Amino acid sequence: MLSARALARLASAGLVAVFLALGAVFLLGAHEKREAFLEMQRAADLNEAFREARENYLRLDRALARYRDTADVSEFEGSDEWIEELESALVQSGEFHDDHIDVVIDDIESHIDEQVALAAVYPPAGPGVSSIPPPRLPPPEQFRSLPAVLDPRGAGLELEAEAQLSQYQAREEQFLWVLGIAFAAGLTLVVLLIAAQRHYTRRHLAQLAELQHLRQAIRHDSLTGLGNRRWFEEQLLSHAGTPGQPLTLAMIDVDQFKEVNDTWGHDYGDQLLRDVGRVLAESCEGEGNVFRIGGDEFAVIFATDAVRAERLASHARVLAEARLDGRATLSIGLSSCSRERHDEALLRQQADAALYEAKLRGRNQVVSFEATTGNALLFPAAQIQAVRRLLTERQLDVHFQPIWDVATNAAFAYEALARPDPEYGLSGPTQAFDIAERFGRTAELDWLCRERTLAHARELPPDALLFMNLSPHSITHQSFRPEALLREIEAAGLSPDRVVFEITERSSVPADVIATVALRMQRQGLRVALDDVGSGNNGLEMLRKVPFEYVKVDQAVVQSATESGTGRATFLAILAILAFAAEAGARVIAEGIETPEMLGLVDEISRTGVPAEGGLVHAMQGFLLGRPHEGFEVSGVVEDLAA
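Numbering follows this note's numbering, with no gaps: position 490 of the sequence shown is 495.
Here is the structure:
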């Protein structure tokens, strides 16, 4: 498909070609007209020469005839001029050789001279005396033969001139037709090219507008109109890549936003976020770029020093408190880089740590990293770079651990466990996800794990289930779509009912947010499990909101139950959750089974409490029952799991 610019060039070239063609046709026609005119002119000149030769011949012939009648030599007066003109006309006619013309002229001159000489010999008679007339000599033969040549040739030239005139007129009419057709065709071509160029120009401009709109949508948050997380990361990297300029980062949270949403509804919460965005944009106008990076999280990149940035941040906090009429307040954490060295990763970690400190101090605070206690968890730059390399190079291994059904004493499912390549120097997937979460790249790492896992989907044993982990930060990301998960599963050759997505309760993401997304997934036909139950405080709340198909008891809780009475009491404390899950129809899986004692304890406790067919624990997982392998293998199996 030609572009608008190419069509414009083609239209210009076509216009030039049309004018060149018209010019060529005009020049060719003019040349032909000139040649025809010259031919006509030559014919006319020859005709004129023959006419003059004929006329002068007739003059001489009449003079000779009169002389024969009168014998008066005065009849020959002017004959010299006639002879000269006759000679010139004969030369111009081109019908006679020069020697022949000389003979004719010499003969007629000699003839006239002889007649004049004879008239002198015979003088005229006197009064009463008769005279003897001089003898009359016949005209020279060469002279008398001239009409036989001049008459037909002159008539032929006249006809030829008329024919050439007709041919000239026909050529002129043909030239005018060709010129008109060429002009009309060229003009039509140019008009069509210009119309096409305008059409494609309009379409190109529409495409540019659409592209600009898409670029705006990609870089900006649809709710507030501020830059989004992606644009924030690009801008932060850009600023960090130009040392020599001051750089301060502010991380901002809307305090108790969850309560606002729960109390007043999501529409009210959305309006509050828009108001916060306007306040931040107004207070930082001209001195900072404002972004909404997710949920109730905002960020501002200040190209200024720490003192000025803290003053602007404090102004934003005060302005928000006044403008929002007590609906919400802002907690702000600040971190600054030296002019000589900008470390984007360290800057974000320090700003996050300062924000956490602001919340610990009671919220509605502005805290710089220098004012914190210094106990914040900061990752080494090498580990941060390792995670970035991992996401780029995609060197990730996947192992599969069997999950055993208590009733059938057989592996009915396998959990996919991602392992970063050892060359990255990471301690394991937990550290990789912690770092990715800190820098907002959890969704990318989650997708990489799914891609590597589903690459083995065709090796999954028949009728076995595949368990995969989903980070809460990934499923609450603005790019998350349950429909995309369905497409990934189907592209791998699996049906959705053979895949179970595990969502941990151990997360900083609010339980109601996770529950909302989990329900969306189930409505799309996806199966969902609640993982790490007992490690946090959200398990019971999430079980009330979502009908999970599987509930996995955290392995740390299972392991601690065999270590002391306190551990056993801890495990007994979650029996209520297990009973609730069983009543809701969820199958309970105990993780971390590594010794026969743990196996026996879990079996004992699972049969205590609320009666349920097969006990409260339906399945188990752990090193005792099978270690993770690269393939779907089973090893280290206890012979009678249900005994």
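Cβ coordinates follow ideal geometry from the N, Cα and C atoms, glycine included.
Remember, predicted model here, so these are calculated numbers, not experimental data.
- Counting only the Cα atoms, Asp103 lies some 23 Å from Gly83.
- If you look at Glu546, you'll find it in the alpha helix (DSSP H) that goes 544-550.
- Within a 10 Å sphere around the beta-carbon of Arg455 sit 16 or more other beta-carbons, which makes this residue buried.
- The three-state reading of DSSP puts Asp402 in strand, counting E and B together.
- Taking one beta carbon from each stretch, the segment 274-287 and the segment 354-365 have fewer than 3 pairs nearer than 8 Å; the two do not touch.
- Restricted to the segment 422-482, the beta strand (DSSP E) segments that are unbroken, complete and at least 3 residues in length are 470-475, listed in chain order.
- Proximity to Leu324 across Gly338, Val295, Ala286, Val312 peaks at Ala286, based on C-alpha coordinates.
- When the Cα atoms are used, Ala22 and Gln172 turn out to be separated by approximately 30 Å.
- Here Val563 is near Ala595, since their CB atoms are less than 8 Å apart.
- By the criterion of at least three beta-carbon pairs nearer than 8 Å, the segment 422-434 is in contact with the segment 390-406.
- Cβ-Cβ distances below 6 Å link Ala416 to Pro407, Trp409, Val639 in the same chain, with the five nearest sequence neighbours on each side left out; the list follows chain order.
- Here Leu335 is near Asp260, since their CB atoms are less than 8 Å apart.
- In this structure, DSSP gives Glu507 an extended state, which the three-state scheme calls strand.
- The segment 534-551 makes no contact with the segment 482-495; the number of CB pairs closer than 8 Å stays below 3.
- The segment 477-491 makes no contact with the segment 236-248; the number of CB pairs closer than 8 Å stays below 3.
- Look at Arg592 here: in three-state DSSP terms it is strand.
- Shown here, Val305 sits in a strand according to DSSP, grouped into three states.
- In the displayed model, Gly300 falls within coil according to three-state DSSP, outside both helix and strand.
- A residue is called buried once 16 or more other Cβ atoms fall within 10 Å of its Cβ, and Arg463, having fewer, is exposed.
- Within its own chain, the residues whose Cβ lies closer than 6 Å to the Cβ of Ser479, once the five positions on either side in sequence are excluded, are Thr447, Ala448, Asp451, listed in chain order.
- The beta carbon of Thr75 lies closer than 8 Å to none in the same chain, with the five residues before and after it left out.
- Taking all protein chains shown into account, Gly232 has 16 or more neighbouring C-beta atoms within 10 Å of its C-beta and is therefore buried.
- The three-state secondary structure of Leu329, taken from DSSP, is coil.
- For His204, DSSP assigns no beta-bridge partner whatsoever.
- C-alpha of Ile113 to C-alpha of Glu80: approximately 14 Å in a straight line.
- The beta carbons of Ala350 and Ile298 sit about 15 Å from each other, so the pair does not count as a contact at 8 Å.
- Burial check for Gly291: the Cβ neighbour count within 10 Å stays below 16, so the residue is exposed.
- Exclusion of the five residues before and after Val593 leaves Val556, Val558, Leu583, Ala586, Ala587, Leu621, Val622, His623 as the residues of its chain whose Cβ lies within less than 7 Å of its Cβ.
- Counting only residues of its own chain and dropping the five nearest sequence neighbours on each side, Ser288 has a CB closer than 7 Å to the CB of Leu317, His320, Ala321, Leu324.
- In the DSSP assignment, Tyr419 forms a beta bridge with Pro407, Leu471.
- Here Asn294 carries a strand assignment [DSSP, helix/strand/coil].
- With distances taken between CA atoms, Gln529 lies nearest to Phe506 out of Asn474, Phe506, Ala124, Ser340.
- Distance check between Thr268 and each of Gly191, Leu228, Ala333 places Ala333 closest, using alpha-carbon atoms only.
- Secondary structure of Val622 (DSSP, three-state): coil.
- The beta carbons of Ala308 and Ala255 sit no closer together than 8 Å.
- The Cβ neighbour count for Gly270, taken over all protein chains shown within 10 Å, is under 16; the residue is labelled exposed.
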